[in-house]
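**Q** Numbering-wise (my numbering), the sequence shown opens with residue 115 and increments by one.
Sharing a structure below in structure tokens format, with a few things to ask.
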Amino acid sequence: MSFDPNLLHNNGHSGFANGTSGALRETGIIEKLLTSYGFIQCTERQARLFFHCSQYSGNLQDLKVGDDVEFEVSSDRRTGKPIAVKLLKVKPEILPEERITGQEVFYLTYTPEDVDGNVQLETGDKVSFSMETNKHTGAVNAHNIVLVKKKPGRCQGVVCAMKEAFGFIERGDLVKEIFFHYSEFKGNLETLQPGDDVEFTIKERNGKEVATEVKLLPQGTVIFEDVSIEQFDGTVTKVIPKVSSKTQTDPLPGRIKVNFAISKELPFGDKDTRSKVTLLEGDHVRFNISTDRRDKLERATNIEILTDSFELTGETREMDVLSAQRNHAIRIKKLPKGTVSFHTQSEQRYFGMVEKEATGSISKSTSPAKGKEKDAEEGIIAYEEAGIRMTVPYHIKDLEGCAIPQHGDKIEFSICEVKRTGLQSAVSIKILNRNPNAKRLVGYVAALKDNFGFIETSQHDQEIFFHYSEFSGDVDELDVGDVVEYSLSKGKGNKVSAEKVAKITTVNGPSDEVFPTVYTGKVVRPLRSVDPQQAEYQGLIEITEEGTMRGEVYPFAIISLANKTDCLQKGETIKFQLCTVALTGQKLAYDATPLRRGSVDCVKDQFGFINYEVGDGKKLFFRVNEVLDGVELQPGDEVEFSVILNQRTGKCSACNVFRVSEGSRPVAAPRPDRLVHRLKSITLDDASAPKLVVLRQPKGPDNTKGFTAERKIRQAGVID
């Protein structure tokens, strides 16, 4: 950000940064400080001002965030916005050197006789004192203790506003708000929200009271008002304005007249109505009375309109859904969700056949760009009712996640009718039998990207692209390895892709023959989803164990993995079985499980690294929440784990981390020789030698604190 100090308006101010000017100066706190500029939060008003570092007359190295400064206000000639100029750092108060004043630096003992005056000291009081050395014991005691300032009391309140670097607290003892800076909050600032109960200490800075040492309290600790148990009846004499005026300063503009021994009016606000029905003048209401503990102000709350109000006015109640209409509704009452319905759905289930396929896609899985390419069209279902052939339309959005029906499919459905127009459509559609002439393919989800994915064919030898807009269902519920059915289509450039993709419940490999023998091998070539540079889709596994099968190589696909999200890398050792694909007769690896072990390199706060080579990296990242059984790993521990590939970043990480054995723990290093020699050189007889005085409670014979044993008069020679 460029800044020219010559572009400032002085507005008649002729002062300088040393404070010799006669112009009006303000005080504030450095909130943000960068290389050449910063921002100041004013303490006397709610304003945040820009300043350039050239306007500070002192050493910039000594200026820090949180420092108190004094300045004048000018304006930027280019933008006209107010800025701070002629900054001067406010120096802290220096206490006299001849007295020791402040908090404890080290602990000293004292007796009540050492306190000047009849004063009772408490923990946290600020005092000044002299030090005295006991000639007999050599102990240092505090003497001539004078109370300087009593410990400030702790106040309570509720956070009512939070800005960028400061906030305000509504005090629990006065009807007043107090300023606090975020640096004064003792705790995690991210957990602090408006409405939280807090306690704080009040201190004076630059003539203004501010809250310091702010701490969070349990919710419900601070109570501003008491609500009466008894309910009262009254009449509304003044309603809350529909549109708040800029000059409206009363937070409780409404009035209710209640007949006590002496009639009186109670105020109320917008949040005091319980029934959510618009109140009008003359309405009969029932309410509680709330009394503010701070100023004893009474107001009406929990206001409910009585039914006799509608009988007096002759009003009728209607039900509808809010929409943009010209008609004006009053006394609106919110009903439970689902009370108002514009449709009726038949309880009877009908059976029919698809005559025309509907086009479009389910809204929550549609890509915005894809949805513009083709508009949704309704389909037609033919069915019979009482021997008469009838047709009913249906839409893709009414499928509710089932597979997309095709021409000739036999289906079951219900009929929905719009109350206002009488139009009918088919809903709750369920496919009973597929059209045997329709070509539907079955595959397995091999990869999922940001807005598209790939399907492994039933032959397990290639993958087919599909866009999420072609999936009928919620994409968030689709996982790698799920079985889907789809149709093939050709797009631009004659590229083949899958369309009308639907998830089915077929068990993985229902007709494939699995052999029981378990082999040990290593990955010769990974899947193309792991290494996109390779041309072949399938990976290869070579048997490494001794025997007649040693050296033989078998392909594997996504269906071969025991954990479909696992990422098998080249060179990894695995255990697997073999199966025969029913469609091709090809032998394929099945139930492949990697045998991974590594040692923990380091563990940070919420993550760590394992010594294991994956791709170009020699260390594998893992998160602490991926460690099984809640074990706290330490460097050197031996672990087993799975490897997953992040489709967005292309990087691998470990999951399902299991500790196999603990590593060696570091042994405490011996004391350095320089410290040993230093201890030997200390002479305890020397008066200047360091001394440590420890005060502790006495212990009795039974090892309890204090003298709890009862004193008894004992006779000589008699033992209890």
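Using N, Cα and C, we set each Cβ at its ideal position, and we do this for glycine too.
Predicted model, so just to flag it, every value in this text is computed and none were measured.
Contact check, residue 456 vs residue 408 under 8 Å by CB: the rounded distance?
**A** Actually they do not touch by this definition, with Cβ atoms about 51 Å apart.
**Q** For residue 817, collect the residues of the same chain with a Cβ closer than 7 Å to its Cβ; drop the 5 residues on either side in sequence, then sort them by chain order.
**A** none
**Q** Just the C-alpha distance for residue 736 and residue 716, rounded to the nearest angstrom, thanks.
**A** 10 Å
**Q** How close, in whole Å, do the beta carbons of residue 202 and residue 244 come, if the pair is a contact with beta carbons under 8 Å?
**A** Not confirmed; about 37 Å, so no contact.
**Q** Alpha carbon to alpha carbon, how far is residue 149 from residue 767? Give it in angstroms, no decimals.
**A** 39 Å
**Q** Would you call the CB atoms of residue 556 and residue 597 closer than 8 Å?
**A** yes
**Q** What does a CB cutoff of less than 6 Å around residue 467 pick up in its chain, not counting 5 residues either side in sequence?
**A** 496 and 524
**Q** What distance in whole Å lies between the Cβ atoms of residue 704 and residue 674, which are believed to be in contact at a cut-off of 8 Å?
**A** 5 Å
**Q** Enumerate in chain order the residues of its own chain whose CB-to-CB distance from residue 420 is below 7 Å, with the five nearest sequence positions on each side excluded.
**A** 398, 399 and 400
**Q** For the beta strand (DSSP E) containing residue 457, name the first residue and the last one.
**A** Residues 457 to 459.
**Q** Please give me, in chain order, every unbroken run of the beta strand (DSSP E) with length at least 3 that falls completely inside the stretch 256 to 287.
**A** 268 to 276 and 280 to 285
**Q** Tell me whether residue 175 sits in a helix, a strand or coil according to DSSP, three-state version.
**A** Three-state result, residue 175: helix.
**Q** Leaving out the 5 sequence neighbours to the left and right, which residues in its chain are closer than 7 Å to residue 575 when beta-carbon positions are compared?
**A** Excluding sequence neighbours, residue 575 sits near 651 and 652.
**Q** If you pair each beta-carbon of the stretch 677 to 686 with each one of the stretch 607 to 618, do three or more pairs fall below 8 Å?
**A** The stretch 677 to 686 vs the stretch 607 to 618: no contact.
**Q** Exposed or buried, what is residue 298 when buried is set at 16 or more other beta-carbons lying within 10 Å of its beta-carbon?
**A** buried
**Q** Let me confirm a value: residue 553 is counted as buried when at least 16 other C-beta atoms fall within 10 Å, else exposed. Which label applies?
**A** Its Cβ having fewer than 16 others within 10 Å, residue 553 is exposed.
**Q** Straight-line CA distance for residue 722 to residue 741?
**A** Approximately 11 Å, taken between the alpha carbons.
**Q** Please determine if the stretch 527 to 544 and the stretch 561 to 577 are in contact, where contact requires at least 3 C-beta pairs separated by less than 8 Å.
**A** Of all C-beta pairs linking the stretch 527 to 544 to the stretch 561 to 577, fewer than three are shorter than 8 Å, placing the two stretches out of contact.
**Q** With a threshold of 8 Å on Cβ separation, who are the neighbours of residue 326 within its own chain once the five nearest residues in sequence on each side are excluded?
**A** 294, 298, 314, 315, 316 and 317
**Q** Which whole runs of the alpha helix (DSSP H) in the stretch 654 to 692 are 4 residues long or more, in chain order?
**A** none
**Q** Could you tell me the distance, in whole angstroms, from the CA atom of residue 95 to the CA atom of residue 292?
**A** A query on residue 95 cannot be resolved here, the shown segment of the chain reaching from 115 to 834 and no further.
**Q** According to DSSP, is residue 791 helix, strand or coil?
**A** helix
**Q** If you measure between the beta carbons of residue 269 and residue 308, is that distance less than 8 Å?
**A** no
**Q** Mind the definition here: the stretch 227 to 237 touches the stretch 258 to 265 only if three or more C-beta pairs lie below 8 Å; say whether that holds.
**A** Judged by Cβ distances under 8 Å, the stretch 227 to 237 makes contact with the stretch 258 to 265, as three or more pairs qualify.
**Q** Under 6 Å Cβ to Cβ from residue 367, same chain only, skipping five residues before and after it: list those, please.
**A** 354
**Q** Taking only the alpha-carbon atoms, compute the straight-line gap between residue 781 and residue 752 and give it to the nearest angstrom.
**A** 19 Å
**Q** If you draw a straight line from the C-alpha of residue 174 to the C-alpha of residue 155, how long is it?
**A** In this structure, the straight-line span from the alpha carbon of residue 174 to that of residue 155 is close to 18 Å.
**Q** Going by CA-CA distance only, name the one from 645, 370 and 454 that's closest to residue 380.
**A** 370
**Q** Can the beta-carbon of residue 656 be found less than 8 Å from the beta-carbon of residue 684?
**A** Against a cut-off of 8 Å, the Cβ pair of residue 684 and residue 656 comes out as no contact.
**Q** Assess contact between the stretch 191 to 205 and the stretch 157 to 172, defined as three or more Cβ pairs (one per stretch) separated by less than 8 Å. Is contact present?
**A** yes
**Q** Given residue 712, which residues of its chain have a CB within under 8 Å of its CB, disregarding the five upstream and five downstream residues?
**A** In chain order, 724, 725, 726, 734, 752, 753 and 755 place their CB closer than 8 Å to the CB of residue 712, counting only its own chain and leaving out the 5 sequence neighbours on each side.
**Q** Under a Cβ-count criterion, where at least 16 other Cβ atoms within 10 Å of its own Cβ denotes burial, should residue 667 be classed as buried or exposed?
**A** exposed
**Q** Just how far apart, CA to CA, sit residue 518 and residue 549?
**A** 12 Å
**Q** Would you identify the three-state DSSP class for residue 169, choosing helix, strand or coil?
**A** helix
**Q** What residues are listed by DSSP as bridge partners for residue 634?
**A** 689
**Q** In whole angstroms, what is the alpha-carbon distance linking residue 223 and residue 406?
**A** Cα atoms of residue 223 and residue 406: separation of roughly 46 Å, rounded to the nearest angstrom.
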